[in-house]
Amino acid sequence: MTEPILELIDATVIVNQNTPDAKIILQGVNLTIQPGEFITLLGSNGAGKSTLFNVIAGTLPLSSGQIKIAGQDVTQMGATQRTKLLARVFQDPKVGTSPRMTGAENLLLAERRGQRRRLLNRRLTAEKQAHFVNLVNRMGNGLGTRLDMPTGALSGGQRQALSFVMATLSRPEILLLDEHTAALDPKTSQQLMRVTDEQVREQHLTALMITHNLDDALRYGNRLLILHAGQIQADYNGDEKSQLTRNQLLDYFEQY
Ligand SMILES: Nc1ncnc2c1ncn2[C@@H]1O[C@H](COP(=O)(O)OP(=O)(O)OP(=O)(O)O)[C@@H](O)[C@H]1O
Numbered sequence: 001m002t003e004p005i006l007e008l009i010d011a012t013v014i015v016n017q018n019t020p021d022a023k024i025i026l027q028g029v030n031l032t033i034q035p036g037e038f039i040t041l042l043g044s045n046g047a048g049k050s051t052l053f054n055v056i057a058g059t060l061p062l063s064s065g066q067i068k069i070a071g072q073d074v075t076q077m078g079a080t081q082r083t084k085l086l087a088r089v090f091q092d093p094k095v096g097t098s099p100r101m102t103g104a105e106n107l108l109l110a111e112r113r114g115q116r117r118r119l120l121n122r123r124l125t126a127e128k129q130a131h132f133v134n135l136v137n138r139m140g141n142g143l144g145t146r147l148d149m150p151t152g153a154l155s156g157g158q159r160q161a162l163s164f165v166m167a168t169l170s171r172p173e174i175l176l177l178d179e180h181t182a183a184l185d186p187k188t189s190q191q192l193m194r195v196t197d198e199q200v201r202e203q204h205l206t207a208l209m210i211t212h213n214l215d216d217a218l219r220y221g222n223r224l225l226i227l228h229a230g231q232i233q234a235d236y237n238g239d240e241k242s243q244l245t246r247n248q249l250l251d252y253f254e255q256y
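Spelled out as structure tokens, the structure:
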């Protein structure tokens, strides 16, 4: 058996600890993820989905429990130290790219994730530019012809596609997709979902994707988790997931 890429052991987060407002927002979560799994993550508002991503990314410390990434105990490691291991794409197209820098410059920066940022301009060679154009052309939304423009001038869909390419460029151990298509129109959203699926499979990435779109949660990935009140309520793998129906999922949401 291969080594898990991510392990959460009894992961618990209590906010406002030792005050009357103390609240458990992640409750003894045990989760083991193998390399190459593509997991869709569902749950009502306030279920703890973003909290789960925050503890994986290290932006929120655990109150108790343990987190391992690729066998390494990262529980005490801050978000910056985890940068080399993880990449995250957020819902808002404005987050994740620098608006005054061109798309190519943003990509160059992403390629050096976790490294020093010096000599940025000097290293954007014609060869590198051509490589980036080649990469983003796969997104199929015209981004390849606009890589020299400031990122702020791109459409939301193009900017989100750029964020996705940036996140996957240096092949993170774990890719966190935080409702990354939710702010896009239906057609653009589906286009990015298709490319996401292609890239996750082709590059054999390990990905977790938060979504409120039940159809996407069913159609994509090979494992589906449902979170409620800071706990994993359901965990469907492989065949179990492929046999799940929209109505079964709706039933879950009606319980809460
Ligand atoms: N730093 C914090 N301090 C206090 N409460 C918090 C903190 N972070 C999250 N919470 C609370 O924890 C619960 C889970 O929040 P979280 O954002 O993880 O939910 P979610 O499933 O991502 O919801 P949504 O679908 O609305 O994005 C919520 O009740 C939220 O208010």
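Residue numbering for the sequence shown follows UniProt numbering, beginning at 1 and increasing consecutively.
C-beta atoms are modelled at their ideal positions from N, C-alpha and C, and glycine is treated no differently.
Just to confirm, are residue i and residue j a CB contact at a threshold of 7 Å?
i, j, result
"L6", "I33", "yes"
"Q249", "L214", "Sequence check: residue 249 is Leu here, not Gln. For L249 and L214, yes; Cβs fall inside 7 Å."
"H228", "A47", "yes"
"S163", "T97", "yes"
"L143", "Q129", "no"
"L147", "G103", "yes"
"V95", "A167", "no"
"I69", "L8", "no"
"L154", "F132", "no"
Under a three-way DSSP split, which group does residue i fall into?
i, result
"Y252", "helix"
"A87", "strand"
"P186", "helix"
"D148", "coil"
"V133", "helix"
"T28", "The amino acid occupying residue 28 in the given sequence is Gly; Thr does not appear at that position. Of the three classes helix, strand and coil, the one that applies to G28 here is strand, per DSSP."
"Q199", "helix"
"M209", "strand"
"E179", "coil"
"V13", "strand"
"A79", "coil"
"S44", "coil"
"R223", "strand"
"N54", "helix"
Short of 6 Å in beta carbon distance, which residues of its chain neighbour residue i, apart from the five on each side in sequence? Order them along the chain.
i, result
"residue 271", "Since the first residue shown for the chain is 1 and the last is 256, residue 271 is missing from the structure and cannot be characterised."
"R100", "P150"
"E3", "G71"
"M209", "T40, L177"
Which one of the options has the shortest CA to CA distance from residue i?
i, options, result
"G238", "L244, N222, T245", "N222"
"K192", "L205, H204, D216", "Note on identity: in this sequence residue 192 is Leu, with Lys being the wrong assignment. Minimum Cα distance to L192 is reached at D216."
"Q255", "I24, I14, G43", "G43"
Any chance the CB of residue i is under 6 Å from a heavy atom of ligand 3?
i, result
"I25", "No copy of ligand 3 occurs in the structure displayed; its ligands are ligand 1 alone."
To which residues of the same chain is residue i closer than 8 Å at the C-beta, ignoring the five residues directly before and after it?
i, result
"G65", "L8, I9, D10, A11, T12, G28, V29, T75"
Leaving out the 5 sequence neighbours to the left and right, which residues in its chain are closer than 7 Å to residue i when beta-carbon positions are compared?
i, result
"M77", "G58"
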